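Scroll down for the structure; my scribbles are underneath it.
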Amino acid sequence: MDAVSFTLVLSGVLLNAFAQSLLKLGTNRLGEVAWSLQTAWDTGLRILADWPFLLGFGCYAISLVIWIIALSRVPVTIAYPMLSIGYIVNALIARFWLGETLTVSGWGGIALICAGVWLIARQGAPG
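Here the numbering used here is used: position 120 in the sequence shown is 120, and no number is missing along the way.
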């Protein structure tokens, strides 16, 4: 995978991961949501009025466009597994920004994901 293609894939993955983290921040601010017909309108307006949700939606939209461009350059068998980088980014954001805990097995899982991403990225490297 050339540098431009890798940058596109990584940008799409990172924007998607940030979108997830922003949506989680928004839900932390919103509180537990109990969906019903009676509360749907009010909950929807609260979501659309809160900056973490809006920024998260924007990150998703941009990541989708970037991802389409990336898929036009990179085989899906290489690009799609790179989405697992998002697991790493989200776990680190959750731990250090959102204050969630990350266990030893969680850190071990991150190490395994890193190894897998490295192996897949090598598959797409020239000879």
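Heads up, the beta-carbon is just placed ideally off N, CA and C, and yes, glycines get one too.
Computed from a prediction, not measured in an experiment: that's the story for all the values here.
One Cα belongs to L10, the other to S72, and the distance between them is close to 14 Å. In terms of Cβ geometry, I66 and L15 form a close pair [threshold 8 Å].
With fewer than 16 other beta carbons inside 10 angstroms of its own, G99 counts as exposed. The Cβ atoms of L22 and G44 lie no closer than 8 Å to each other. The three-state reading of DSSP puts P81 in helix, counting H, G and I together. Separation of S36 and L30 (C-alpha to C-alpha, rounded to the nearest whole angstrom) is 16 Å. Secondary structure at G12: helix, using DSSP grouped into helix, strand and coil.
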